[in-house]
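Beneath this line is the structure, given in C-alpha cells, with notes to follow.
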Ligand SMILES: [Zn+2]
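Numbering (my numbering), first residue to last: 7 to 590.
Here it is as C-alpha cells:
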C-alpha cells in the first residue's frame, strides 16, 4: 500500500474533529439541527485551518438522513459517496484553476436543475478570491436568485479580494489560526493512534513552525517521520523546520536591500540547497520581514533572541531598510506565494522574486498602502520610457493593410517592422461601418468606471488606452504603445472581463477590438476612403476589380470634393471634435 500523507488520512470527517474552530462548528451544527441553514456561506481564514474540511462535512450533514447532533453519520451511502468525492450533487471547484467565466456560467446553467441523488446540491468553491471579475459577476447573479435546495460554500484565504456585493449575500465564518497547544494535542493524538514514538519537545518545535495551520503541522510531521523510522526526535524536528537558516535569511535580505541580485540569488540557492522548500522559504521571509516592520514600530514587541540573530545585526537591518520597502517586499512575497502554488518550477518563480525584491527602492510612506500597484506602474513606466524611442520611429511609418491587398503590399506605406503585428481588419471594419458618435461618447463616459472594475495589472495594461470608435455592437480601443497592444491582444481573460464589465455598465454586449494608436489614423483613413468610394463612385464597380481597389488604396484624394466627402464621413463616425484634418 502506498504511503498516504497524514493530513489526508487524518482529514476530519466530523465537525468535532476539526481542530480549533469550535465557534464555527458549533454554529454550523446548530443551524443543521434547527434546519436554519443558509443558501450561501463564506469560510475565511489562513490556509490549512479546516475550511474545505468543514465545507465537505457540511455537505454530508445537510444530505445525511441519519444526522445526529448536527454530525453526519459517515456510514450511509450518501455520506460515503461524498467522502469519496463520488456524489454528483456535491461539486468542488478550485477557483485558482477554474477562474474563467465559463465555469461559473456553467454553474448558472446547471444550478436550475434539482439535485439528482441527494436532497441538496452543494457547490464548494475553494480559493474563491481567484475568480475573475467576470466570473464574480456571473456568481453574483446566481446568489441574487438562489434556486431551492442549493447551497454555496465559498472558501478563501483572502476575503478582502472578494467583492462586497458577494460577501453581503453570504453568511460569513472566520476560521482562526490554530494555537500551538491545539496543534500539539492533535499531533500527539495522531502519533498515539499510529503507535509512533515521539519526543514532546520535537512536537512543540513543529507546532510553532506550522504557525497556525494544522495541515502544515501534519506535513512537517510527515517529513520528520520520513527521516527516521516511526520516531520523532528533536534533531529531526529542528532540521525539518529549518531553524538553522535564519542567518542565511538575514544575509539574503541584506543583499536584496542593497540591490545585489547576483549574490542574493546565490544565498537563495544555499538556503534551498539546505533542504528548505520554496514555499517554506517564502513563508520564512514573510515572517522575517513582518518582524522587522514590527520592530521598527515597537522594538519591545520582538524577542530578538528568538530570531537567532544578535541584537546588533537585527537592529542594523531594521534601521537600514525603509518601512515602505518592507511593505513592498511583503506584497511581492504574497503575490509569488499565490502564483507558486500550482507550478512545477518553483525555482523560476524564486529567481524572478529575488530580482524583483532587489529592484525595490524606497518610496514615500504614504504610498505604502498600495505598493504593489505602484510598483507595477513604476515598472511599466520604465518600460515605456525605454520603448519611447523605438515607438517614435515606428510612428513615422504608419501602416494598415486592408484585407483586399494583403497579398500585394505594393503601397510604399508598408513598413517591415509593423508587418508582424496583425490587425484584424475583418473585425475592425464591421464596427466602423456601424459606428456612431453617440456610441463613442457613451463608451468614453463609462471607460473610467470600467477600468475600475478590472484588476490592478489589467488596469495598468489599459492605462494608456482609449476607445476611438464605437458602434452599438462593438468598440475599437487604441493603445498608445505597441507592446501594450500586443500584450492586451493576447490576453483572452482581459477581453472577457472587459466585455462583461461593459455589458454591466451600458446594458448590452459589445465586442472589443484593439488597435495600436500609431496605426489608427491609417486604418481610419483607409476605411473612409474605401467607404466613401463605394458609396459615391459605384459606377466603377464593374471595372477591373483589382485595379480599382489598388487605385483606391494608393491614390491621394484627387480633388476637393472627394476630401470634403471623407471629412463629412469622418465627422459622422467620430464626431467633429475628434477628427483632425491634416494637410500634409
Ligand atoms: Zn450519513
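Yeah, the Cβ is synthetic: ideal placement off N, Cα and C, and Gly gets one too. In this text, all values refer to a predicted model and were calculated from it rather than measured experimentally.
Per DSSP, the unbroken alpha helix (DSSP H) holding residue 452 starts and ends at 443-459. The DSSP assignment places complete beta strand (DSSP E) segments of no fewer than 3 residues inside the stretch 124-152 at 127-132, in order along the chain. Judged by DSSP secondary structure, residue 241 falls within the alpha helix (DSSP H) whose first and last residues are 240-247. Residue pairing of residue 49 in beta bridges, as defined by DSSP: 161, 179.
Note on residue 135: 16 or more other CB atoms within 10 angstroms of its CB, so buried under the neighbour-count rule. Residue 317 holds the alpha-carbon nearest to the alpha-carbon of residue 301 among 473, 524, 317, 118. One alpha carbon belongs to residue 477, the other to residue 502, and they sit about 18 Å apart. A contact is defined here as three or more CB-CB pairs under 8 Å, and the stretch 491-509 meets this definition with respect to the stretch 446-460. Assignment of residue 237 by DSSP, reduced to helix, strand and coil, places it in the strand class. At least one heavy atom of ligand 1 lies less than 7 Å from the C-beta of residue 80. The three-state reading of DSSP puts residue 25 in coil, since its state is none of H, G, I, E or B. Contact between residue 161 and residue 57 holds: CB atoms are separated by about 4 Å, below the 8 Å threshold.
Burial is judged here by how many other beta carbons sit within 10 angstroms of a residue's own beta carbon; residue 14 has fewer than 16 and is exposed.
Relative to ligand 1, the beta carbon of residue 351 is positioned no closer than 7 Å to any heavy atom. Per DSSP, the continuous alpha helix (DSSP H) segment holding residue 13 begins and ends at 12-15. Looking only at 350, 348, 336, the smallest Cα-Cα distance to residue 359 is reached by 336. In this structure, the C-beta of residue 66 approaches ligand 1 to less than 7 Å from one of its heavy atoms. Residue range 480-485 is occupied by the beta strand (DSSP E) that includes residue 482. Residue pairing by DSSP places residue 475 opposite 482 in a beta bridge.
Remark: the C-beta of residue 89 is outside contact range of ligand 1, defined as less than 7 Å to any heavy atom. Note that the C-beta distance between residue 159 and residue 128 is below 8 Å. The shortest CA-to-CA distance from residue 80 to any of 348, 131, 18 is the one to 18. Using a Cβ-Cβ distance cut-off of 8 Å, the stretch 41-54 and the stretch 83-91 are not in contact, since fewer than three pairs of beta carbons, one from each stretch, lie closer than that value.
Here the C-alpha atom of residue 497 lies approximately 26 Å from the C-alpha atom of residue 447. Contact annotation: the stretch 259-270 does not touch the stretch 226-233, with fewer than three C-beta pairs closer than 8 Å. For residue 527, DSSP assigns no beta-bridge partner whatsoever. Excluding its 5 nearest sequence neighbours in each direction, residue 533 has C-beta neighbours in its own chain below 7 Å: 435, 438, listed in chain order.
Within the chosen limit of 7 Å, ligand 1 reaches the beta carbon of residue 84 through at least one heavy atom. The DSSP-derived three-state label of residue 108 is helix. Taken in chain order, the whole alpha helix (DSSP H) runs of length 4 or more contained in the stretch 34-88 are 57-69.
Within 10 angstroms of the beta-carbon of residue 255 lie 16 or more other beta-carbons, which makes it buried. In this structure, the alpha-carbon of residue 110 lies about 24 Å from that of residue 495. Distance between residue 89 and residue 121, taken at the CA atoms: about 18 Å. For ligand 1, no non-hydrogen atom lies closer than 7 Å to the CB of residue 135. For residue 98, the uninterrupted beta strand (DSSP E) run begins and ends at 96-100, by DSSP. An exposed status is given to residue 11, since fewer than 16 other beta-carbon atoms sit within 10 Å of its beta-carbon.
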